[in-house]
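Working notes, structure below.
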Amino acid sequence: MENSPFQNLLNLGDFDQKYEPTKEQKNCAEKCYKGLISKLTASAEKVYGIHTGYGSNVTSNRDPKDWMNAQQDLLAYLLVGVGEHLSETVVRRALRLQLDKAYLGFSGIHPETLEHLTSISNGKVLPSVPCFGSLGASGDLIPMAHAISPLFSEHSPRGPRDVIGLVNTNSMMVSYAAELLQIVRAQWQLAHHITALIMAAVNAPLDPITEDVVLLRPEGDHYRDSARLIRAELQSIDTRPESNRPFSSVQARYSIRCAPMILGNTLDLLNLAEKKILSDAHSVADNPVLVEKNDRLHVAHAGLFYAAATATAADLMSDALGKICELLDRQVLILMDPLLSEGLPENLAVAGASHCKGLHQLTSALLQQLRTHSVPSRMLSFSCEGNNQDVVPCAMAALNQLKSACTVASELTKASLFVALRAYSIRTNTALPSELHIARWSEFQPKNAKLILSSLKFKN
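According to our numbering, the sequence shown is numbered sequentially starting from 1114.
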């Protein structure tokens, strides 16, 4: 079975899957490089970064023969990043993604430089890449400069675009976004399991997830996917017939009854985020680019490194994460109140095992914290770098913010899962497992939930 395009993107970060360009890719890159050299020799047409300075210094004139010093100077002034280092997987994927882009044959990078970069991307030891430094408008710049720095530790640039053609890109941001999407999707998946546990714990009516209701939504609506996923999770843990699930109210609260709507909508957001990430991943990302026009090589200054799609993907993931966590916090509230939980003890108190009031306060505190990491990227933009980058997508800032949000969200889902398991255990009339005593909360790991769940069975 063929991998999806997104899985292929993720696989670029796998050390065990070596990167090797095809002969066709190599030919494209070599043709473009030779075309660039011929154009510089035969034409006086200005090329950004070769005849000019960089960024706001574009009006400065440079001797194109001095390209070696220009490239070395560019790399030197970009090696100033700070902050936590990006993961090895993100860096490896970014290097290989950049190779894919360079091998499309529109950047004019020296073929030997690309061969050297291929070797680095396949190596066990990768450079450390700090997460702060990119505005996203002129591409990665600072983070990618750190990533490619080993290329030039022993060899000087071989061609006039060897540095600029590798840092004027969105590869690091795209790689980072792909990594974070996997994390958010895992939170989305876990939210269905938690919702199913809580539905069983409060004897919630099954109407929202029955197939006859599901089919009222149009084909392709992700309400269907979420409802069916919750139903499958519920059927795996609760084998009681519906008649044995007494529910005193006509309908459950919105956070339970409308969970398939909420989670289905978040899947739409995540799928659109994936589409945006792939859009930037599969596109040329450089400035300028070298294109054939009327049988001649044309230098097009188009700013294709602008990471607008990736910034939007970060916003979509942040929105989805916020919706998931708000849903779980509201569900935890239901479990604390006997009037809402169909008679479960207040705060899920169990003699000798304390209660969950503190954990409910924790989930709400974490939700508050999550919202501090939810500023849309459009609110982060301002004119930068001598007003050269006068409007910026802020993709890297949005991704760093999302990474922090993912850390907070993982703690919130962990607490919600603990509380849901405890509520379910109480409803089954099973002796509360020691793992669900409040005194052992600090030891709780979501990966152990299935083992805990296997010991819980409904008693008549």
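Cβ atoms here follow ideal geometry from the backbone N, Cα and C, with glycine treated the same way.
- About 34 angstroms separates the CB atoms of I1343 and H1395; that is not less than 8 angstroms, and the two are not in contact.
- Relative to S1392, the option among L1210, V1315, L1403 and D1450 whose CA is nearest is L1210.
- CA-to-CA, the gap between G1236 and F1128 works out to about 8 angstroms.
- Uninterrupted beta strand (DSSP E) stretches at least 3 residues long and entirely within the region 1304–1381 do not occur.
- A check of alpha carbon separations from M1509 across Q1185, S1284 and E1225 identifies S1284 as the nearest.
- Selection L1294, S1568 and T1476 evaluated against L1530 yields T1476 as nearest (Cα-Cα).
- The Cβ atoms of L1217 and T1231 do not sit closer than 9 angstroms to each other.
- Closest by C-alpha distance to F1245, out of K1516, P1458, P1118 and W1301, is K1516.
- A contact is defined here as three or more CB-CB pairs under 8 angstroms, and the region 1199–1208 fails this definition with respect to the region 1376–1392.
- Under the 10 Å beta carbon count, T1282 is surrounded by 16 or more other beta carbons and is classified as buried.
- Contact annotation, R1535 with L1545: C-beta distance approximately 7 angstroms; criterion of less than 8 angstroms satisfied.
- Its chain contains L1479, Q1482 and L1483 as the residues whose beta carbon lies nearer than 6 angstroms to that of V1521, once the 5 sequence neighbours on both sides are disregarded; these appear in chain order.
- Judged by DSSP secondary structure, E1498 falls outside any alpha helix (DSSP H); it is assigned neither H nor E.
- Under DSSP, the beta-bridge partners assigned to A1413 are V1402.
- When Cβ pairs closer than 8 angstroms are counted between the two stretches, the region 1406–1420 is seen not to touch the region 1448–1466, the count staying below three.
- Cβ contact annotation for A1340 (same chain, cutoff 7 angstroms, sequence separation greater than five): P1321, I1322, V1327 and P1373, in chain order.
- Counting only unbroken stretches of 3 or more residues, the beta strand (DSSP E) elements lying wholly within the region 1408–1466 are 1409–1413, in sequence order.
- A distance of 9 angstroms or more separates the beta carbons of L1294 and I1437.
- Segment contact: the region 1415–1425 against the region 1148–1162, fewer than three CB-CB distances shorter than 8 angstroms; contact not assigned.
- An exposed status is given to D1503, since fewer than 16 other beta-carbon atoms sit within 10 Å of its beta-carbon.
- As computed with DSSP, H1468 is found in no beta bridge at all.
- Within the DSSP secondary-structure output, V1171 pairs in no beta bridge.
- The Cβ atoms of S1538 and L1569 sit closer than 9 angstroms to each other.
- With 16 or more other CB atoms across the displayed protein chains lying within 10 angstroms of its CB, G1162 is buried.
- Around the C-beta of D1253, 16 or more other C-beta atoms lie within 10 Å, and the residue is accordingly described as buried.
- The alpha helix (DSSP H) runs lying completely inside the region 1260–1285 and spanning 4 residues or more are 1277–1280, given in chain order.
- Within its own chain, the residues whose Cβ lies closer than 7 angstroms to the Cβ of L1453, once the five positions on either side in sequence are excluded, are R1366 and I1447, listed in chain order.
- Non-local C-beta neighbours of R1330 in its own chain, meaning closer than 6 angstroms and more than five positions away in sequence, comprise Y1336 and R1337, ordered along the chain.
- A check of alpha carbon separations from K1159 across N1170, N1174, C1145 and S1169 identifies N1174 as the nearest.
- Between A1426 and the set N1357, C1507 and P1354, the nearest pair of CA atoms involves C1507.
- For L1457, the CB contacts under 8 angstroms within the same chain, skipping 5 residues up- and downstream, are A1314, V1315, L1448, P1451, A1536, I1539 and R1540 in chain order.
- DSSP places F1557 outside any alpha helix (DSSP H), giving it a letter other than H or E.
- By the CB criterion at 9 angstroms, I1222 and D1275 fall inside the cutoff.
- Beyond the five residues adjoining it in sequence on each side, V1297 comes within less than 7 angstroms, by CB distance, of L1383, M1430, A1433, L1434 and C1519 in the same chain, given in chain order.
- Taking 9 angstroms as the cut-off, the beta carbon of A1528 is found no closer than this to the beta carbon of V1463.
- By the CB criterion at 9 angstroms, V1242 and G1194 fall inside the cutoff.
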